Structure formats: structure tokens, C-alpha cells
Amino acid sequence: MARYVLKRLAHTVLVLWAAYTLAFILLTALPGNAISNLINNPQNQLTPEDGKLLKAFYGLDHPVVVQYVRALDALLHGNLGYSLSSGAKVADLLGDALPGTLRLTALGFVFGAVIAAGVGVVGSYARWNWLRTLLQSFPALAASVPSFVIGILILYYFSFQLHLIPAVDDGTFLALVGPAVTLGIMVSAPLSQVFSASIAATRRQPFVHVLQARGAGERYIFGRGVLRNSSLPVLTMLGLAVGELIAGSVVTEAVFARNGIGQITLNAVNTQDLPVVQGVVLVATTGYVLVNLVVDVVHPLIDPRIRADILAARPKKTKGSEKGAIPARLGPDEATSPRLPEEVATR
Amino acid sequence: MTTTAENPAPSVEARDTGGSAKTSRGRAIAILLWSIRHWSVVVAGAVLVVAVLWALVPGWFAHSSPTAIGATDKLLPPSSAHWFGTDRLGRDQYSRVVHGARASLSGSVVAVLIGVAVGSVFGALAGWFGRWIDAVVMRLIDVVLSIPGFLLAITIVVVLGYGILQAAAAVGLTSSAAFARLIRSEVLRARTSQYVEAAVASGARSSTVLLRHVVPNSLGPTLSLVTIQFGISIIWIASLSFLGLGAQPPSPEWGRLVADGRNFLASKPYLVVYPALTVAAVVLAGNRLARHFAERQKR
Amino acid sequence: MSGDVAQRAARDGTPPPGPVLAVEDLSVGYQLGHSTKTVVRNISFELEPGQVLALVGESGSGKSTIGHAILGLLPANGRLLGGSVRYQGRTISDLPGGQLRELRGRAISLIPQDPTVSLDPVRRVGPQVEDVLRLHTGLDGEARRRRVHELFALVGFDDVERRYRQFPHELSGGMRQRVLIAAAVAAEPDVIVADEPTSGLDATVQAQVLDLIDDLRRRGGTSVVLITHDLGVAADRSDLVGVVRDGRLAELAPTGVFVQNPRDEYSRHLLDNVPSRLSFTRDRGSGTASEDPGPAVEVRHLSKHYGGHTAVDDISFTVARGQTFSIVGESGSGKSTTARILTGLTRATAGRVSLLGTEVGTLDTKAFRPLRRDVQIVFQNPYASFDPRFDVLSVVEEPLRSFQPAGSARRRRQENRDRVVAALEAASLPASFLHRHPRELSGGQRQRVAIARALVLEPKVVVLDEPISALDVSVQAQILELLVRLQSELGLTYVLISHDLAVVRAISDRVAVMRRGGIVEQGETAQVFESPASPYTAQLLGAIAGRRLAIR
Chain A
1 MARYVLKRLA HTVLVLWAAY TLAFILLTAL PGNAISNLIN NPQNQLTPED GKLLKAFYGL
61 DHPVVVQYVR ALDALLHGNL GYSLSSGAKV ADLLGDALPG TLRLTALGFV FGAVIAAGVG
121 VVGSYARWNW LRTLLQSFPA LAASVPSFVI GILILYYFSF QLHLIPAVDD GTFLALVGPA
181 VTLGIMVSAP LSQVFSASIA ATRRQPFVHV LQARGAGERY IFGRGVLRNS SLPVLTMLGL
241 AVGELIAGSV VTEAVFARNG IGQITLNAVN TQDLPVVQGV VLVATTGYVL VNLVVDVVHP
301 LIDPRIRADI LAARPKKTKG SEKGAIPARL GPDEATSPRL PEEVATR
Chain B
1 MTTTAENPAP SVEARDTGGS AKTSRGRAIA ILLWSIRHWS VVVAGAVLVV AVLWALVPGW
61 FAHSSPTAIG ATDKLLPPSS AHWFGTDRLG RDQYSRVVHG ARASLSGSVV AVLIGVAVGS
121 VFGALAGWFG RWIDAVVMRL IDVVLSIPGF LLAITIVVVL GYGILQAAAA VGLTSSAAFA
181 RLIRSEVLRA RTSQYVEAAV ASGARSSTVL LRHVVPNSLG PTLSLVTIQF GISIIWIASL
241 SFLGLGAQPP SPEWGRLVAD GRNFLASKPY LVVYPALTVA AVVLAGNRLA RHFAERQKR
Chain C
1 MSGDVAQRAA RDGTPPPGPV LAVEDLSVGY QLGHSTKTVV RNISFELEPG QVLALVGESG
61 SGKSTIGHAI LGLLPANGRL LGGSVRYQGR TISDLPGGQL RELRGRAISL IPQDPTVSLD
121 PVRRVGPQVE DVLRLHTGLD GEARRRRVHE LFALVGFDDV ERRYRQFPHE LSGGMRQRVL
181 IAAAVAAEPD VIVADEPTSG LDATVQAQVL DLIDDLRRRG GTSVVLITHD LGVAADRSDL
241 VGVVRDGRLA ELAPTGVFVQ NPRDEYSRHL LDNVPSRLSF TRDRGSGTAS EDPGPAVEVR
301 HLSKHYGGHT AVDDISFTVA RGQTFSIVGE SGSGKSTTAR ILTGLTRATA GRVSLLGTEV
361 GTLDTKAFRP LRRDVQIVFQ NPYASFDPRF DVLSVVEEPL RSFQPAGSAR RRRQENRDRV
421 VAALEAASLP ASFLHRHPRE LSGGQRQRVA IARALVLEPK VVVLDEPISA LDVSVQAQIL
481 ELLVRLQSEL GLTYVLISHD LAVVRAISDR VAVMRRGGIV EQGETAQVFE SPASPYTAQL
541 LGAIAGRRLA IR
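Here you go:
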């Protein structure tokens, strides 16, 4: 087991390095950047010497490979470089903005998980047909509405109409609720989709039929069989949801005019402040990959079959389901049918 | 269910509907019945048809120009002259929503085309040849997928610059990893299936196996991801535009319209609500149809 | 087991005399769209304490639905259309859910069809058996655990504590079925519904599981409704036999009477087609063999390793032209791998294989291709071996196209079509099937299409990989008959892979018995079956169900 965790960890580090490199390659392909804009702007009246000095300060006078090696070396020492537009340390910029964004995404995650659990369970077991139908259509609905639309509607009704939550970030918890609910609804779409589908799929499994034949009622079967089996795909989905949360927080922070990583990202993009963009990508990717690492480590603890595969160090059994750091993104509907042993049914 | 063998085949129902469509009148009734039973599909189809017509021939639907500034008509509420009101420059908002369809829809078409093109090259190579090509492609996909998607799209926009096509390209490139992974696994599934084995055993050439079995059978699931990806692309492109990273003024685009109206949200909510609901309606309709086709395919 | 009758009587109140289970005029239908399809029609039977009733029938006959109806566990679209189920004189088919749940597992329990999917994959097996006790007894945790240990010992586990803590995937199919049996008897029910309890298990394991059910039944005086497609199992293990056809009870008779003297025509038809009663008069074309005396297939010291695992271990055999050579063995014996090597789907690790005089053991898939004109294969599951998008014509035509120059398909359309029709006719299918889709065909028809595909090139050798094991008994007989007829008409050489000794005996000239990759014994069919040299062969022969049928 320890070997497995170490292996996943090494893989994670490797993926992070590759992702950083990819972002670096992407961004150095860029023809312009904040410094050259600064130098070339006639209003600033910079002499060519000044320009050279500036470039030298930011290390832009070296070949790309040297820049890359230096950046990587600095990165290992915790230095993400300097903002091209403000000159501040990128690490400081991000460090200041991170707590706010983390609070937002964490709360959004909680809301999302709660909504998904409710929709999944009630949508599968509610006594009334209309309620089940209503809740089962929720995931598709939530997935179809862009997060900025959700955010703006919440802002409009709950701030401007009902005055329940502040329209601007005043630092209170209440100001966090609007954007967090926005994120929660957004992220609950894929989660509840997968949860509902996998509850339905699990309930069709023969072992559930066997439990019924032993005299168990729905509640007993849910608690002792269905819940755990149908949570497994959701666990994978939770890791993916973090990626959506990070993306969603950029949009949501813009809608609610909050300070945070999203704000910094937008500023950096608008000023072509490459080190900051690079830093944001690195931080977000790290968070995302780490969460998925945790998911990967938790998975075998819940599913004995995976545990057995790891202990036996068997090559992955199912072709085509090879696991990377991040499973493929799921669309709103792609996950409706977790593949079950169909040959069992058709035999 | 363990009793499938004993359950009567579900194809009975399908044959019934086919049987009643003999006469033209019978066919009309059958279509009507189908429409009533699948009303949501019909509505979704209608929404999409209107959206596509908006994009192709906006002049049929909106008579005023989406960019004509009306100095005296600023920020008017919805009326018979301006169904969705006018914006801060006095432009007719309804006309801007109609004309915005072109940017949003063509953007998502471009995005999906790029995603499928790039994704199928990599996915098919990996799935068909396997070995080291597969390993390299899979690692590459891993890396691309490890960067939160929307953030990657933003990063690509930084490189490509602002504009609807650039945004579409960014979204398309980002989605290509998911396409590549799906196509790889479908190709692999088909390639290792028993019918391919049977074809090989009966003497088929490998080109035949690829073209007659593997490609056609990998297509279905890919198409269903394509339909889903349309909706996702519309959302992402609109979101990029909302953030000011997509379509640039004065050209209308739905996300852009929402962003422009956001400053007037407290007093003039209609400036935001109509374009916002339009995006939601179109994506919802697209996803409904996507799901419908996915369900049909399963049968 | 503490399940003596006295104790049970004390628990339930003295059972009224008479049948423990009575099904009266039972009809069940499935809701399909707007119509209801009746799948069980007016079934009636009674079961005395300790009796075993075998419900036999082919797939789709409705026999499993009867079992589900007894337990009150019809699928969501299932409806009870009429009749009743009575347990100890009390009608239970109209009980509300809660009261019915109390009876399920305690009064009437289930041994399910497929042990591999009938246990929760993420829970340990011990607690899963405990569920029954938790639901139906007031025992505390410790007592329940002890009881499960007892039950595990009862079903034949040695290391009960370890088994208790194991997960389903750590157990073999037979062991999983033992766990499920332990759960089925845990609350000492009066009736057990055993729904195809041994399908998917190897013959020797099947015999052990059936012995176990028999033994437990005798000890507890339990009645059993044994649902099976296997007439042999029914004949060996039941007191009463009910033959189900199209949802009706075609015949209900004491087993001895049924075997000796079936009254119903369909029953007779089924009995006549049991593999162990089949024999084919084979008329071999003698001309082909004398023209070319070399063997069709010659295998010398063949081995196949997958990583560290040895699938085939140094086997040798020879198949003469125009003969049928059978390889029998249980799952994992390496027989299918051998078939794959013979057809060039897998490369051998070591050894020589020569087909019709050509050395092929070392050829890769591409170099093997010219040989496929003469060597074809029929798979176990025909449906999976057809491209889901193809109609019958495309399926059968494919081998023809493979050996015609690319791009000539259009020119040869009529010619190919005629050859396909001829192949279909050889497989006893009408030309009207050309544009049917395999999904519209029955299992037997699909296998005929697969045989037509294998024959369309007029090959010399056909490898038959479990060609009939997925089919119903009467269809099995037809396909075997077809294969035998084609062999004598076309002078084909067959290599038959099968787990079913009765089938092998019916149609082969020579037999090889495989176990764990090696050949345990081979020889003339009659000799291997009459006086097996290896104890393993004897064990396999002993496990064949339906001895009561064979002796007539």
C-alpha cells in the first residue's frame, strides 16, 4: 500500500512538472508581453538601454531554455518570479489572494456535495413520482446554465430584490454565501448526475435482488449495499469537481466582484503578465492534482477490489480504463451509464 | 436484472410504431403521438432551429441593426419597439441577442471541430497502434487534463489573443484531450472485441478491420460526446466573453451582453436576464437532444 | 445445524398439515409500453415438506418468473395477473410489502442464479450472510457472528474465520455459491427457491454445490423449487418435475415417471434431445482421407505462457482429416488458448503446430492469413462475434471479401450473394435471412449464421469453440446434427472445444482431456469414456448430471 501511495505521489510530481513545462512552452510562444509593451510604448520614453536593463532584470535577455531552467530552479526554491506589471513577487500576490478563494471554493464544494447527495437520494427514493422526475431533471438543468448566469440571477434576486445578502464583498460570511451557492449549484450538476445514475445502476445489480430476497427493505438495502457501491463513481467525480470549482471561481469572483485568484488571473491576462498567469496555472494545477491524488489513495480504502489489484501489483485489468492523474472530464450526460457487467444480463 | 432472458424483447414496441405508419394519415398520427410523448425533445428541437436561424439569417428576426447607436434611446425598458429594451448606447437589445447567436454558435462549432480533429488524430493513433505511441499519447493527455480546463483555455487565450475565434480555438484545444481519451478507448474496445477477432480469424485484412469495423463502431460514442461538447463549448465561450476574453465590442455575443448589462443589474435587470436566459435555453435544448440521441443509440 | 423440525414448529406455531407451498392458477405479465405480455399462464402446483420440485424449461419459458413470483419479487414492470401463492395454507401473494419482507429469507429464501454478481462486491462475505440474521432474528452481534461461522462450516469451509473476513472477489465461483447457500439456509426457511444455482459453474463444482443443497435440504426437511434448464440436473435431484413451456406447465409428474414415461410431447422432445441421449450415425466420406493421408492438424510440445502464467503446457496431439477431435476440460484448463493458437489468434510460446502440412506455430497474424481460407473458427457466443452494424449478408460475406482483391466487391456482388445464400442453405437457413439483423435472430439461428460464415470459404478445418454451450437443449441437438451432417457432406475436420462431456461423446472420434494446461489423457472416444485411464477423467465423468436419463 505504501508503495502504491509513493508511486502515485511520484506520478503526481511528474505530471505537475510536465504541466508547468507545457504552460511555459505555451506562454513563451507568445509574441508580446507586458515588458515589451512597456518598452515599445512611446509614451514611456524609454531609451533602448532602459529597455535592455528591464529585460535583463526579468531575465528575458536569455535564450528560452535558460529562462526555463532558471524558472524551474527558482520554483524549487519557492520563487514563482515577479509580476511584470507591478514588480511584486508572484508568490506574495497569490498568497494574499488564495485564502479568500479557498474559503469560497471550500464552501462551494460543501454546498455542491450537499445538493448532490440530496438530489441523488431523494431523486431516487422519493415516494412521489413528480418529485423524482423533478429532481432527476436537475443535473441536466444545472449543467446547462452557465455559472455566470446562475451567479447573476442569485445576485439579482437575493441582493437587489430581497436584500438578503450583500451585493459586494464586505468580508462577512453572508457575502460568501451567494458566490458559494453559485459554485455549489454548478459543481452539483455532474456530482448529482453521477450519483443518481450510479444509484440506479447499483439498484439493478443482482446482489440487490438477493438482499430483497433475504427480506431486506429499501432503507436497509440502501444503507448496507447501495450507498457504498454508488459512492465509488462519485468519489472519482469529486476530484474532477475541484477542477470545475477552480474554473468556476474565476467566473464567480468576477460576477460578485470579489478579490481573489480569479481577479488576479483576469488582471494578469489583460496585462499579459506571464509570470502571474504561469503562477496561477501552477497553483491551480497543484491543488487539482493533489485532490485527485487523495481520491486515488482513498479509493482502494473503500473498494476492496482496487485494493486487491494494488496489492497483487497486477497490471490494470480493464483495457481502456487506465488511470492517469485525472480521469477524463465528464460531460453532463456522459456519465449516465456506468458500464455494468452487461453480459451478465444477456447470458 | 437476472431475468432478462425471460423478459420479452423490448423491440416489440419499436415494431408497433413502425407498423402503424403505413398510410400518410397513419403516419401523421404516429408523428403526432410521438411528439406528444416526446414533447421536450420537440421543444428542444424548435429552440435549436430558431437559434440556428438567428445565426444564419438574423435579418429575418430582427429588423434594427445590432450596432446602430441610438443617442436618444439609451436604456429603454422592454417595449413593442424594443422587445428586450435598449442598452446604454441605445442599441436594440433583442437585435443584439439575435445577432449574438452567430458568434456563440459558430464559435462552438469551431471549438468542437478542433476538439474532434485534434482528439481523433491522437486518440486513434494511440488506440490503434498501442505500445509506445499509446504510452506517450496517454501521458500527454494526462498532463493536459491535469490543468483545470477553463484555466487552460484562459492560458491559451493569452497566447492567441482576444476574439471569438481565438476563444473557440482555446476551448477546442482544451477539449481535445477528452476527445482523444474517449476515442482511444473506443478504438481499443472495438479492436479487442470479439467481432474484430472473428473478422481476423476469417481472414480479413487489417485495413478492412480498421475501416469496416473499428472506425464505424467507434463513431457512435464519439458523436454522443460531440453533441454534449456543443453545449459545454457554448457555455465556455460565453464565459470567456463574459470575462472579456472572448468576443470584443461592438460585436454582440451572449456572454458579452450579460457582462455589459451587469452594471445595470439593480435597475435594468432585463438587460441581463434576456441574454442570460437565451444561453441557458439553447444549451439546455442542445443537451436534451444530445441525451435523446444517446438513448436512441443505446437501443 | 440446529434446524430440527421441533424448533421450527415452536417458532412458527405448528404448521398445518398439507403442502408447505401451493401455487394456484398463477399468471404473471410484463408491462411493455401500453401492452401487457403474459409470460406465466395459469400455473398450479403443490409442494410437500421436504420435496424437491424441478421446474425445467428453455430460456424464455417463464420458469424464472415463477420463482420470482413465489418470492413476491417481480421486476418493476411485472404484474401478478391472477392466481395466488400460498405458504403453509396462508395466501402470501397479496400481502403488503412489510409482511412479505418478514417471510422472505426466513420462510422462503433464494439461491440466486449467478454467484459472481449476487454478492455485494465491496462488503466482506461474513456480514453479508449476517444480514439474514440481523433481519430475522434478535441475535446480538457476537451470536450472529458465531452462527455465520457455524453456517460456513456447514457449507464446507474449513477456515471459517478467514472466509468470514474475505471479499467476494477473493473467492471462486463455487465458493461464492456456498456463501449464498449459507445465507439462504441461515434463517432455516421451509422453502428454498434455487434459480439455476449452478449455471456458469464447472461440472465438478456443479455436482458439489448440488450435493450440498441436497444435504442441507435433507437435514432441515426443507422443500426446494429447483429452477433449471438442465434436464439431467432435474432428473438426478428432484422428486417432481414440472416442464415449463411458453409460461404454461406442460407436464407435472413424479420424476421417475417423467423420465421413464413422459406424457407430454414437448417433454419427450426435450428428453430425446438431452446430449447424453444423443447419438449420431455418421457416414464419413471415405474418399477424401485416402487421397491425402497427411494429418489435418499436428501439434507437438505446444506451450503458451502469459507472463509467469502457463496457459498451455507441453501438449501434443494429431487430428486426422475428416475426423472430429475434441478437447474437454473445465474453465482455465487451457482448451480455449489451444483453439486460439490453432486459428492464429495467439502465437505459441514454444512447440510446433502444423495445419494441413504448413508449419504455423511461429507465424504472426499477418503471415497466418493465407491459411485462413482453409481453417475457420466458430465462437461460443455468435452474437458477440458479429459486428453490431452488420446484417446477415455482410457477416457471412466477410470471409469472401477478405480473399478477393480489394475494391472488387461491387463486381462480385451477385457472385458473393449466391455463395452466401448457398452457405446459409447449408446451415439450414433460408435466403430470406440475408437482410435480417442478427439481433432479430434466436440463439440457434445466430449460431447457424456463424457456421455459414465459417463454411462460406469451403475450409478444410473448422475449430468449434464451445459452439453450443450458450444454446437451449433442443437447439443444441439441432446444431450438433447440422455439424455432423456438414462434416460428412463436406469432409470437414473438426477440432471441438467443449466443457460438456456428453456433447463430446456424441460427435467425436478422439478426445483429449485437459487440466491446468496439460493433456491428462487422450484416445478414442469410446475408450476414454468407457475405461478412463486418469482419475481426473473419471471424476469428470462422475460429475455429469443426468445419469438417470442416460440409463434407459
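Chains as they are written, first to last, in full-length UniProt numbering: chain A, 1 to 347; chain B, 1 to 299; chain C, 1 to 552. Even glycine gets a Cβ: it sits at the ideal position worked out from N, Cα and C. Note that this is a predicted model, so its numbers are computed, not measured.
A residue is called buried once 16 or more other Cβ atoms fall within 10 Å of its Cβ, and histidine 62/A, having fewer, is exposed. Straight-line measurement puts the Cα of leucine 496/C at about 15 Å from the Cα of alanine 470/C.
For lysine 37/C, the enclosing beta strand (DSSP E) covers residues 35-47.
Against chain A, the beta carbon of leucine 284/B has neighbours under 7 Å at Leu141, Ser144, listed in chain order.
Going by DSSP, glutamate 170/C is part of no beta strand (DSSP E) at all; its letter is neither H nor E.
Straight through space, the alpha carbons of glutamate 170/C and glutamine 205/A are spaced by roughly 19 Å. Going by beta carbons, glycine 344/C and threonine 365/C fall inside the 8 Å limit. Listed in chain order, the positions of the segment 214-240 of chain B with a beta carbon within less than 8 Å of a beta carbon of chain C are Pro216, Asn217. Take lysine 304/C, set aside five residues on each side of it, and the residues of its chain with a beta-carbon closer than 6 Å to its own are Ala311, Val312, Thr337, Ala348, Thr349, in chain order. In the same chain as valine 64/A, and ignoring 5 residues on each side of it, the C-beta atoms closer than 6 Å to its own belong to Thr28, in chain order. C-alpha of glutamine 194/B to C-alpha of valine 194/A: approximately 30 Å in a straight line. No Cβ of chain B is located within less than 8 Å of the beta carbon of isoleucine 302/A.
A straight line joining the alpha-carbon of glycine 26/B with that of valine 122/A spans about 41 Å.
The C-beta of arginine 291/B comes closer than 8 Å to at least one C-beta of chain A. Runs of the alpha helix (DSSP H) spanning 4 or more residues and lying entirely within the segment 298-373 of chain C occur at 335-342, 365-368, in chain order.
Runs of the alpha helix (DSSP H) spanning 4 or more residues and lying entirely within the segment 390-466 of chain C occur at 392-402, 413-426, 443-455, in chain order. Look at the segment 267-279 of chain B: the residues with a C-beta under 7 Å from a C-beta of chain A are Pro269, Val272, Ala276, Val279. Judged by DSSP in its simplified three-state form, isoleucine 111/C adopts strand. According to the DSSP assignment, arginine 86/C belongs to the beta strand (DSSP E) that extends over 78-87.
The beta-carbon of isoleucine 31/B is placed no less than 8 Å from the nearest beta-carbon of chain A.
Within its own chain, the residues whose Cβ lies closer than 8 Å to the Cβ of glutamine 263/A, once the five positions on either side in sequence are excluded, are Ala97, Glu253, Ala254, listed in chain order. Cβ atoms of glutamine 380/C and glutamate 481/C stay farther apart than 8 Å, at about 19 Å. Burial is judged here by how many other beta carbons sit within 10 angstroms of a residue's own beta carbon; threonine 192/B has fewer than 16 and is exposed. Glutamate 398/C reaches chain B at Ala199, Ser202, Ala204, counting residues in chain order whose Cβ is nearer than 7 Å. C-alpha of threonine 271/A to C-alpha of valine 280/A: approximately 14 Å in a straight line. It is roughly 44 Å from the alpha-carbon of arginine 417/C to the alpha-carbon of isoleucine 544/C.
Here DSSP, grouped into helix, strand and coil, assigns methionine 1/A to coil.
The C-alpha of valine 392/C is placed about 11 Å away from the C-alpha of leucine 429/C. Taking 8 Å as the cut-off between beta carbons, the residues of the segment 204-221 of chain A near chain C are Gln205, Pro206, Phe207, His209, Val210, Leu211, Gln212, Ala213, Arg214, Gly215, Ala216, Gly217, Tyr220, in sequence order.
Cβ proximity to chain A below 8 Å picks out Gly97, Gly98, Arg101, Glu102, Leu103, Arg104, Gly105, Arg106, Ser109, Leu110, Pro112 from the segment 85-112 of chain C. Short of 6 Å from the beta carbon of asparagine 79/A, and not among the five residues preceding or following it, lies no beta carbon of its own chain. For glutamine 193/A, no beta strand (DSSP E) encloses it; the enclosing alpha helix (DSSP H) starts and ends at 173-203.
Below the 9 Å Cβ cutoff, chain B contributes Gln194, Glu197, Ala198, Ala201 as neighbours of phenylalanine 379/C, in chain order. Here DSSP, grouped into helix, strand and coil, assigns arginine 104/C to strand. Residue range 125-136 is occupied by the alpha helix (DSSP H) that includes valine 129/C. Every unbroken stretch of the alpha helix (DSSP H) spanning 4 or more residues and falling wholly within the segment 63-101 of chain A is given here in chain order: 64-76.
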